[in-house]
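Trainee: Quick one: the structure is below, questions incoming.
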Amino acid sequence: MANGTTNIPLRRSLSRSGSNSGPTSPTPRTSTVSISLNLDRDVDRLKLKFEESESKRKALLNRNEKNIRNYIELEKRYNNLQTKNEELETELFEKNESLAKLTTVSKSLFQEYDMLKNKYEAETGAMHMALNDASHWYRENQKLRRRTLLLDKDLVDEGVDAGENGNDHDLENLRESVRQLSDEVARLQSDLNAAKLLEFETSEQNVNLTQDLEIERKRTKILEDRLTESEKENEQLLRISKMLQKELEDSKQSEQNQRDNAYRLRKEADDFKKERNVLAHQSTVLLQGLNCEDGLDQTLIFEIEDLKRTLEEERNKHNLEITALQEKLEELESNSHTEILEERLKLVESELERAQKSAEEAEKALAAASNSTPPTSN
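Take the position in the sequence shown, starting the count at 1, then add 346; the result is the number in my numbering.
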């Protein structure tokens, strides 16, 4: 039934055969009612399909909103972790400064203590040496006195004078030897103190190098952890970016498909309504004009059908224009939502680029730290 005129011969045969029975034949009414019911069912089915498509579109929009909220939450967590990392770095820098100050103060105190200790040891040694020398000279003086008394008894005056001169010469030699030995002891003590100081400085330098090595190892470990974390965040942001991009494309495609389906369903519904109205009007005209003449009846039916179709076409055209305007309005609203998603996607891409730059900087810092690590001193 393409143009709604296939039932006209049937109506003419009915009008010819039942012209005496009146316009109350039940057969056309039953056919029209069944056709109207079928059309109503088709329209209801199309409405259900349209409502299902609309619910799917709303579900997709809700899913996109949920993904955006998840992304915002991830962004907040990333900012919190970055702030915490900066605070830890500041705290580490302050502790390193405190450690350097304490090391400098400890070094100066140890040097002062070692200097005072060496001075005390030197003074104590000089005092002991002076006491030993005094005891030695006292004993030598006693011996010389005894020898002098013996020489006074046994030798003549000339011999005594020669012996006294010899003893004076020996005494001068002994004093010179004592001075030389004292100078040698002082020099050796100075060399010993210098060697001890050099040993202490070498040991302290070794301790400092060991501490620096441990600090560099810890810093390298921190940089490696930051690099690993940056790589993980980079991968996560990349996955989120791909997911958002895919969901954006799927959403656009789904909205386009829903738009096409809605347009097709509306067009089919309009066609069904048009055909139903034409059939209903044709049935009414046929039922009312069963007693009219055949030629006039046929002509009026054709003219009425043409007018009805023209009226339905104009009405459908007007409905299509209204529908097109509504679709343009919905498209503008969906475009605004799409622009929001695109802005979110651009934001994710910028965060991804920043994470990549952070990872590259961490790799450079790690390489510099590994190159500047001092060797371990034994």
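We put the beta carbon where it would ideally sit given N, CA and C, even for glycine.
Keep in mind the model is a prediction, meaning the values are calculated, not measured.
What does the Cβ neighbour count give for residue 417, buried or exposed, with the cut at 16 atoms within 10 Å?
Mentor: Here residue 417 refers to the residue found at position 71 of the sequence shown. Buried is the call here.
Trainee: Kindly give me the distance between the Cβ atoms of residue 399 and residue 608, rounded to whole angstroms, as I take these residues to be in contact under 8 angstroms.
Mentor: The count along the sequence shown starts at 1 and reaches residue 399 at position 53. The count along the sequence shown starts at 1 and reaches residue 608 at position 262. So it is a contact: roughly 6 angstroms between Cβ atoms.
Trainee: Decide yes or no for the touch test of the stretch 616-625 against the stretch 385-398: beta carbon pairs closer than 8 angstroms, at least 3 of them.
Mentor: Segments in contact, yes.
Trainee: Pull up the distance between the alpha-carbon of residue 447 and that of residue 440, whole angstroms please.
Mentor: The residue given as residue 447 occupies position 101 in the sequence shown. The residue given as residue 440 occupies position 94 in the sequence shown. Approximately 11 angstroms between the Cα atoms of the pair.
Trainee: With distance defined between alpha-carbon atoms, name the residue in 393, 409 and 450 nearest to residue 551.
Mentor: Counted from its first residue, the sequence shown places residue 551 at position 205. Among 393, 409 and 450, the Cα nearest to that of residue 551 belongs to 450.
Trainee: If residue 673 and residue 605 are in contact, beta carbons under 8 angstroms, what's the gap, nearest whole angstrom?
Mentor: Translated into positions along the sequence shown, residue 673 becomes position 327. Translated into positions along the sequence shown, residue 605 becomes position 259. With 8 angstroms as the limit, residue 673 and residue 605 qualify as a contact, their Cβ atoms being about 6 angstroms apart.
Trainee: Within the chosen definition, does the stretch 475-484 reach the stretch 554-573 through at least 3 CB pairs nearer than 8 angstroms?
Mentor: Contact between the stretch 475-484 and the stretch 554-573 is absent, because fewer than three Cβ pairs lie under 8 angstroms.
Trainee: Between 395, 403, 397 and 394, which lies nearest to residue 321 when the distance is taken from Cα to Cα?
Mentor: Given a span of 347 to 724 for the chain in the structure shown, any question on residue 321 remains unanswerable.
Trainee: What is the C-beta distance between residue 623 and residue 658, in whole angstroms, given that I count them as a contact (C-beta under 8 angstroms)?
Mentor: One-based indexing of the sequence shown puts residue 623 at position 277. One-based indexing of the sequence shown puts residue 658 at position 312. Correct: roughly 6 angstroms between the Cβ atoms.
Trainee: Just to confirm, is the Cβ distance from residue 612 to residue 669 under 8 angstroms?
Mentor: The residue you call residue 612 lines up with position 266 of the sequence shown. The residue you call residue 669 lines up with position 323 of the sequence shown. Yes, they are a contact pair.
Trainee: To the nearest whole angstrom, what separates the beta carbons of residue 459 and residue 579, a pair I think is in contact under 8 angstroms?
Mentor: Looking up residue 459 in the sequence shown gives position 113. Looking up residue 579 in the sequence shown gives position 233. Contact doesn't hold; Cβ gap of about 52 angstroms is too wide.
Trainee: For residue 495 and residue 470, I'd like the C-alpha separation in whole angstroms.
Mentor: For this step, residue 495 is matched to residue 149 along the sequence shown. For this step, residue 470 is matched to residue 124 along the sequence shown. Each residue's Cα considered, the two are about 37 angstroms apart.
Trainee: In chain order, what residues of the same chain have a beta carbon less than 7 angstroms from the beta carbon of residue 744, not counting five sequence neighbours either side?
Mentor: The requested residue 744 does not occur in the structure, where the chain is confined to residues 347 to 724.
Trainee: State the CB to CB distance for the pair residue 590 and residue 413, rounded to an integer number of angstroms; the pair is presumed to be in contact (CB under 8 angstroms).
Mentor: On the sequence shown, position 244 is the one that residue 590 refers to. On the sequence shown, position 67 is the one that residue 413 refers to. Yes, they are in contact, since the Cβ atoms of residue 590 and residue 413 sit about 6 angstroms apart, within 8 angstroms.
Trainee: Where does residue 505 sit, in a helix, a strand or coil, going by DSSP?
Mentor: As a working note, residue 505 is residue 159 in the sequence shown. Low confidence applies to residue 505: its pLDDT is 48, below 50, so where it sits in the model is not reliable enough to give any reading.
Trainee: Hey, would you say residue 479 sits closer than 8 angstroms to residue 531, going by beta carbons?
Mentor: By 1-based counting over the sequence shown, the position of residue 479 is 133. By 1-based counting over the sequence shown, the position of residue 531 is 185. Cβ distance not < 8 angstroms, so residue 479 and residue 531 don't count as in contact.
Trainee: Look at the alpha carbon of residue 426 and the alpha carbon of residue 436, and state the distance between them as a whole number of angstroms.
Mentor: The residue you call residue 426 lines up with position 80 of the sequence shown. The residue you call residue 436 lines up with position 90 of the sequence shown. Each residue's Cα considered, the two are about 15 angstroms apart.
Trainee: Report yes if the CB atom of residue 464 is closer than 8 angstroms to the CB atom of residue 539, and no otherwise.
Mentor: On the sequence shown, residue 464 is found 118 positions in, with the first residue counted as 1. On the sequence shown, residue 539 is found 193 positions in, with the first residue counted as 1. Yes, Cβ-Cβ distance for residue 464 and residue 539 is below 8 angstroms.
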